[in-house]
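2 protein chains.
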Amino acid sequence: MFGFEIIARDRKARAGTLTTPHGTVATPSFVAVGTHAAVQALSSEDLLMMGTQVIIANTYHLHLNPGEGLIKKMGGLHAFMGWPGPVVTDSGGFQIFSLGIGKEQGVGKIASIFPAPPENSSDGSGKRKSMVSVDEEGITFTSHCDGTPRRFTPEGVIHIQRRLGADIILTLDECTSPYHDYDYTRQSMERTHRWAVRGLEEFRRDDSRHQALWGVVQGGAYRDLREESAVFMKQQGFDGYAVGGSLGKTKDQMIQVVGWKTQSLPEQAPRHLLGIGEVEDMFAAVEAGIDLFDCVAPTLLARTGTVYVGKSKRFRIHIRNARFRDDQKPIEETCGCYTCSRYSRAYLRHLFMAREPFGIRLATLHNVYFMESLFRLIRTAIKEGRLERLKKEWLSVSH
Amino acid sequence: MFGFEIIARDRKARAGTLTTPHGTVATPSFVAVGTHAAVQALSSEDLLMMGTQVIIANTYHLHLNPGEGLIKKMGGLHAFMGWPGPVVTDSGGFQIFSLGIGKEQGVGKIASIFPAPPENSSDGSGKRKSMVSVDEEGITFTSHCDGTPRRFTPEGVIHIQRRLGADIILTLDECTSPYHDYDYTRQSMERTHRWAVRGLEEFRRDDSRHQALWGVVQGGAYRDLREESAVFMKQQGFDGYAVGGSLGKTKDQMIQVVGWKTQSLPEQAPRHLLGIGEVEDMFAAVEAGIDLFDCVAPTLLARTGTVYVGKSKRFRIHIRNARFRDDQKPIEETCGCYTCSRYSRAYLRHLFMAREPFGIRLATLHNVYFMESLFRLIRTAIKEGRLERLKKEWLSVSH
């Protein structure tokens, strides 16, 4: 039911086919983010029309609302959300990171997005209050929805994800921050390894091969830890590997970190880089041998009228900008998406200025299509041995 | 290019065909509300799929944003919004009413929605401050967008609507409130009549038959005024008639007022009841001989998760209600809409609880389909001479 076949290589980059009980995914591929079992205002038909192959939903959020029990009762995630293709659920580690140390330090996966820990805090300590505590057995956190205390354990998240019913599920990990020091990062990584073993044992206790369990590699931005983590995870023999956690303080460091990790991971298993989706980052990660990417950016940016354009600075334009007021062209003249084949920039701008929700829908359709198209180009380029040329074409015009 | 043919009658109700340069409309029909040249998050394909025949856009709003000049430059409303079918624009009279006396008195078209003038006000006079003043020549108002002073004249709104390019356009009217007395209502009605004549003269100066001008009947809830207004408008020989303004203080009175008006309007012209869209009201108005209805309710209610159900109190349920938490049924088991054929109430409720915009889209698709289906049933019932039975079936279960 599960498999991963590499069908072409271009240096370290690979084009492959990931097989799941709900269909195959041509890789490298973008994974559409459906946090609450919905991809913004897009239906399954919309996604299929654009070439979306796989969706990632969120264990933390779905556990809180509507709960894995309800989703199981409704026939599992695929039936609940009406999506016929492959689904991934993450373990919730990153969301808990966001509530905990990420909140305290005000950082994301790459520190440069928030260059320094924030000064403002609720308790005067220079830190925002964490809603999370980590111990050997698991993670205790406060629900951001209703303030109730909750607990995730390595075994518990396997049970939750069994009930959610995704094709690919992840082990529980602790996500560290770019500001965590070497000692804490090592300590945390080793705990994440013990959790991975416990998760795998729990998973194997009742493995019907309807789901595949992937291990999450940690180790922060420290080379020896990253390599150690990749080697450890590889030894466990997971079906696939996700690369999570801190990726350093700058984009350059991130690319280096991704390179270290993939080196030590097994060649024949699929690799998912969690939560990264900037065009230049994805090119670099594909070159390092990453197969899957998920990022909320295409849908999140669409909410404010930021739309992707291949030949533009940072690959995006803000459609609310006054210069688009009477622009009769589509977002991108070469784009084949629903929005670009029907509507002008002027109309899209008008919709955003008038706060019409149809604007968000049209921008989302374009942005998701943009990502899917980019990965179609990347897959073809790998097969034709010209990934580097494609990358240069793309990056040269955007800077 | 324009025409209206009555093909069946059931007492005073009529089933007909309205012909416009952008296609025909089987009447009685619902007119989807696209205030800012967009129907919430629905595309033209979505609307056509559900059987929507005609859209009404808003002269007041489109004049302010993005402006009729831009829309003309973009090829007119049809091209701008990508809608191939008939479009109506209203004259802006009702929106100015909302900013003026409607705001002062806190009332809508039927006073019972706001049972009494509000106590709270900004200037201590017991009234909210009006942003509007009416004189013989036209209406001066303050833009709700940028606070600039604007002026609508009977000739000016013809020019604006020429540039917007809808198929059917309306004369400028002053909308009165259910709390206006007889004398003011008469004075206002007579001014609206003079404006209608001026609008018609301006329209005929350059009539290429690409647009049809309809007159707006006023006169409040006073029988002699309503009849006088209908007779006056009829004498002007408009292509069609819209019934606007105050419709009394209760729903029963509204139904009576609509009856008075339609009696004196020409039998062979189409009649549009502006801004009314509750199921029971539409049945009553169809029985009085109304052909077209527009109402923001289906899309507005969808935003908060209120969805139409034929066999339910007030024809609606609130999908956020806890009793739908694990309800595997669609909104309506007999409904053929996109939403009902794919998704459970439980999923829809989950989307609203998680504030996912896909919920609004699914609810809107259902509500618009509900209205279009109801009018399909109404048209068939008229042709088969059983409108009264259909009405009884519908109203008996909802009370």
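Sequence order for the protein chains is A and B.
Whatever position you read off the first sequence (first residue = 1), add 9 for the working numbering.
Whatever position you read off the second sequence (first residue = 1), add 9 for the working numbering.
Backbone N, C-alpha and C fix where the C-beta goes; we use that ideal spot for every residue, glycine too.
(1) To the nearest angstrom, how far is it from the Cα of I16/B to the Cα of I80/A?
(2) Could you tell me whether the Cβ of L360/B comes closer than 8 angstroms to any Cβ of chain A?
(3) Judging by CA-CA distance, which residue of I167/B, E145/B, S139/B, A311/B is the nearest neighbour of P158/B?
(4) Establish whether the CB of G94/B and some CB of chain A are separated by less than 8 angstroms.
(5) Are the C-beta atoms of R18/A and some chain B residue less than 8 angstroms apart?
(6) Should G268/A and V226/A be called a contact, given that it needs their Cβ atoms to be closer than 8 angstroms?
(7) Going by C-alpha to C-alpha distance, which of P163/B, S217/B, E236/B, F247/B sits closest to R207/B?
(8) With DSSP as the reference, identify every bridge partner of V252/B, one or two as the case may be.
(9) Since F367/B sits in a beta bridge, which residues does DSSP pair it with?
(10) For my contact list, E183/A and V143/A are in at a C-beta cut-off of 8 angstroms; report their separation, rounded to the angstrom.
(11) Between the alpha carbons of T36/A and I340/A, how many angstroms are there, rounded?
(12) For H281/A, which residues in chain B fall below 8 angstroms Cβ to Cβ?
(13) Among T68/B, H281/B, A22/B, E296/B, which one has its Cα closest to the Cα of H168/B?
(14) Using a beta-carbon distance cut-off of less than 9 angstroms, what residues from the segment 176-191 of chain B approach chain D?
(15) Just list the residues that DSSP pairs R160/B with in beta bridges.
(16) Taking the alpha-carbon of R235/A as reference, which of Q196/A, Q220/A, G246/A, P279/A has the nearest alpha-carbon?
(17) Report the residues of the segment 318-335 of chain B with a CB closer than 9 angstroms to any CB of chain A, ordered along the chain.
(18) Using only CA atoms, which one of A297/B, G76/B, T44/B, R171/B lies nearest to D215/B?
(19) If distances are taken between C-alpha atoms only, which option among Y231/B, Y191/B, T180/B, D192/B comes closest to R213/B?
(20) Listed from N- to C-terminal order along the chain, which residues in the segment 353-380 of chain A have their beta-carbon within a distance smaller than 7 angstroms of any beta-carbon of chain B?
(21) Taking only the alpha-carbon atoms, compute the straight-line gap between T194/A and G319/B and give it to the nearest angstrom.
(22) Run down chain A in chain order and give the residues with a C-beta less than 7 angstroms from the C-beta of F89/B.
(23) Can you give the Cα-Cα distance for S255/B and M90/B, rounded to whole angstroms?
(24) For L79/B, return the contacting residues in chain A, with the cut-off set at a CB-CB distance below 9 angstroms.
(25) Can you tell me whether N67/B is helix, strand or coil according to DSSP?
(26) Quick check: T6/B and D176/B, are their CB atoms within less than 8 angstroms of each other?
(27) Could I get the ranges of all uninterrupted beta strand (DSSP E) runs contained in the segment 290-321 of chain A, with 3 residues as the minimum, in chain order?
(28) If you check the beta carbons only, do G314/B and A372/B fall under 8 angstroms apart?
(29) If contacts are defined as beta-carbon pairs under 8 angstroms, then V34/A and V63/A qualify, I think. What distance do you get, rounded to the angstrom?
(30) Can you check DSSP and say which residues form a bridge with L386/A?
(31) For Y2/A and V266/A, what's the separation of their Cα atoms in angstroms?
(32) Taking CB distances under 8 angstroms as the criterion, tell me whether P307/A reaches chain B.
(33) Where T98/A and Q272/A are concerned, what is the direct C-alpha to C-alpha distance, given to the nearest angstrom?
(34) Opposite R358/B in the DSSP bridges: which residues?
(35) Buried or exposed: where does M242/A fall if 16 or more other Cβ atoms within 10 Å of its Cβ makes it buried?
(36) According to DSSP, simplified to helix, strand and coil, what is D216/A?
Straight from the coordinates:
(1) Approximately 51 angstroms, taken between the alpha carbons.
(2) Nearest CB-CB separation between L360/B and chain A: below the 8 angstroms threshold.
(3) It is S139/B whose Cα lies nearest to the Cα of P158/B.
(4) Not one chain A Cβ lies under 8 angstroms of G94/B.
(5) So no, R18/A is outside the interface.
(6) At least 8 angstroms separates the beta-carbon of G268/A from that of V226/A.
(7) Out of P163/B, S217/B, E236/B, F247/B, the CA that lies nearest to the CA of R207/B is found in P163/B.
(8) In the DSSP assignment, V252/B is bridged to V226/B, L282/B.
(9) Paired residues: none, contrary to the question.
(10) By a beta-carbon distance limit of 8 angstroms, E183/A contacts V143/A. Their separation comes to about 6 angstroms.
(11) In a straight line, the C-alpha of T36/A is about 27 angstroms away from that of I340/A.
(12) The contacting residues do not exist; H281/A stays about 24 angstroms from chain B at best.
(13) Closest option to H168/B, judged by alpha-carbon separation, among T68/B, H281/B, A22/B, E296/B: T68/B.
(14) Within the model displayed, chain D is absent; protein chains A and B are what it includes.
(15) Among the bridge pairs identified by DSSP, R160/B is matched with T149/B.
(16) Out of Q196/A, Q220/A, G246/A, P279/A, Q196/A has the C-alpha closest to the C-alpha of R235/A.
(17) Correct list: R334, D335.
(18) Comparing Cα-Cα distances from D215/B to each of A297/B, G76/B, T44/B, R171/B, the minimum goes to R171/B.
(19) Restricting attention to Y231/B, Y191/B, T180/B, D192/B, the CA atom closest to the CA of R213/B is found in T180/B.
(20) Cβ contacts with chain B come from S353, A355, Y356, H359, L360, M362, A363, E365, P366, F367, I369, R370.
(21) The alpha-carbon atoms of T194/A and G319/B are separated by roughly 59 angstroms.
(22) Per Cβ cutoff of 7 angstroms: Y356.
(23) Rounded to whole angstroms, S255/B to M90/B spans 31 angstroms at the Cα level.
(24) Taking a Cβ-Cβ threshold of 9 angstroms, the residues of chain A close to L79/B are R334, D335, A355, H359, in chain order.
(25) For N67/B, the three-state secondary structure derived from DSSP is strand.
(26) Because chain B spans 10 through 408 in this model, residue 6/B falls outside it and cannot be assessed.
(27) You should have 301-303, 315-317.
(28) Between G314/B and A372/B, the C-beta gap is smaller than 8 angstroms, which places the two residues in contact.
(29) Separation of the CB atoms of V34/A and V63/A is rounded to 5 angstroms, and the pair is thereby assigned contact status at 8 angstroms.
(30) In the DSSP output, where bridge partners are listed per residue, L386/A has none listed.
(31) As displayed, chain A neither begins before 10 nor continues past 408, which places residue 2/A out of reach and without an answer.
(32) Judged by the 8 angstroms Cβ criterion, P307/A is not in contact with chain B.
(33) T98/A and Q272/A: Cα-Cα distance of roughly 25 angstroms.
(34) R358/B is not bridged to any residue.
(35) With a 10 Å radius around the Cβ and a threshold of 16 neighbouring Cβ atoms, M242/A comes out buried.
(36) In the structure shown, D216/A sits in coil (DSSP, three-state: anything other than H, G, I, E or B).
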